[in-house]
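Contents: one structure, followed by commentary.
Chains as they are written, first to last, in the working numbering: chain A, 338 to 487; chain B, 16 to 123.
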């Protein structure tokens, strides 16, 4: 009798979820974004499921054909590759950023600019520093440079 | 951006105007603001002119190989002097609103 090795498949599926849930879900909140512990936890559970599935496939007895051994090995290998991809993209690739040594430092004047807003109207830094907020002169401006959504 | 929007009232109360800048076109930024519900200013720098002036160019890192900005935050006082900045080493890790608001307390 051939039985479906659910734990090996669940382990593999969970490792894929652990990979894609970081950019799509867990990166929304600083607590799960700044260090991806929730995703690493999912990978740990996936690893446990894969070990269970692996042991089942390789348990002695006539009920486990060669095919299930190959499937379990393949799922474990793919899951390891998924984990490697996760580690590479979140811990290594995300750090490939230019150093920005020439960025304005504390105490220096921020360079002025004129850029289009979402209505295609030009906006200067000087106007951002001058326009009132709730009827009061602004105390400051927070410039947030981001990579964009291309 | 999401966390900045969530703290927008606190930024307004502190007299701080958040401004987002990227190499995206005004159209893409407008779509983003509509979809995500962002109500603060989004500025477009498709030629990376301001991004270059702030030495934040991440050359060729855009999806079509265009120059984009590396993530960074600058808090300027009302005369345009930098009073606080954050140059993250990992683009997933951004400044939290609480730490920016804490730094903003020193502004007059």
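For each residue, glycine too, the CB sits at the ideal point set by N, CA and C.
Following the DSSP letters along the chain, one finds residue 89/B inside the beta strand (DSSP E) bounded by residues 87 to 92.
Rounded to whole angstroms, residue 88/B and residue 94/B show a C-alpha spacing of 17 Å.
Residue 350/A and residue 463/A have their C-alpha atoms some 52 Å from each other. By the Cβ-count criterion, residue 451/A is exposed, with fewer than 16 other Cβ atoms from all chains shown falling within 10 Å of its own Cβ. Excluding residues up to 5 positions away in sequence, 60, 72, 84 lie with their Cβ nearer than 6 Å to the Cβ of residue 66/B in the same chain. Residue-level contact by beta carbon holds for residue 38/B and chain A, with a gap shorter than 7 Å. Cβ proximity to chain B below 7 Å picks out 364, 365, 367, 370, 371 from the segment 359 to 381 of chain A. Counting C-beta atoms within 10 angstroms of its own C-beta, residue 92/B has 16 or more neighbours from the protein chains shown and is therefore classed as buried.
Separation of residue 36/B and residue 419/A (C-alpha to C-alpha, rounded to the nearest whole angstrom) is 33 Å. Between residue 348/A and residue 405/A the beta-carbon gap is near 14 Å, outside 8 Å, which marks them as no contact. If you check each beta-carbon in the segment 456 to 479 of chain A against every beta-carbon of chain B, the ones closer than 8 Å belong to 456, 457, 460, 462, 463, 465, 466, 468, 470, 471, 473, 474, 475, 476, 477, 478, 479. Around the C-beta of residue 478/A, 16 or more other C-beta atoms lie within 10 Å, and the residue is accordingly described as buried.
Ranked by Cα distance from residue 441/A, the options 82/B, 90/B, 39/B are led by 90/B.
With fewer than 16 other CB atoms across the displayed protein chains lying within 10 angstroms of its CB, residue 360/A is exposed. Residue environment for residue 39/B: buried (at least 16 other C-beta atoms within 10 angstroms of its C-beta). Annotation note: the segment 416 to 458 of chain A contains the following uninterrupted beta strand (DSSP E) runs of length 3 or greater, listed N- to C-terminal: 451 to 453. In this structure residue 434/A is in contact with residue 104/B, their Cβ atoms being roughly 7 Å apart against a cut-off of 8 Å. Per the C-alpha coordinates, the member of 70/B, 100/B, 106/B positioned closest to residue 117/B is 100/B.
Among the residues facing chain B, residue 450/A is included, as its CB has a counterpart in that chain under 7 Å away. Annotation: residue 44/B to residue 385/A spans about 43 Å, alpha carbon to alpha carbon. Closest option to residue 74/B, judged by alpha-carbon separation, among 341/A, 437/A, 447/A: 437/A. Within chain B, no residue has its beta carbon less than 7 Å from that of residue 356/A; the closest one is some 14 Å off. In the three-state DSSP reduction, residue 390/A falls in the helix class (H, G or I). In the DSSP assignment, residue 58/B falls outside any alpha helix (DSSP H) and within the unbroken beta strand (DSSP E) covering 56 to 59.
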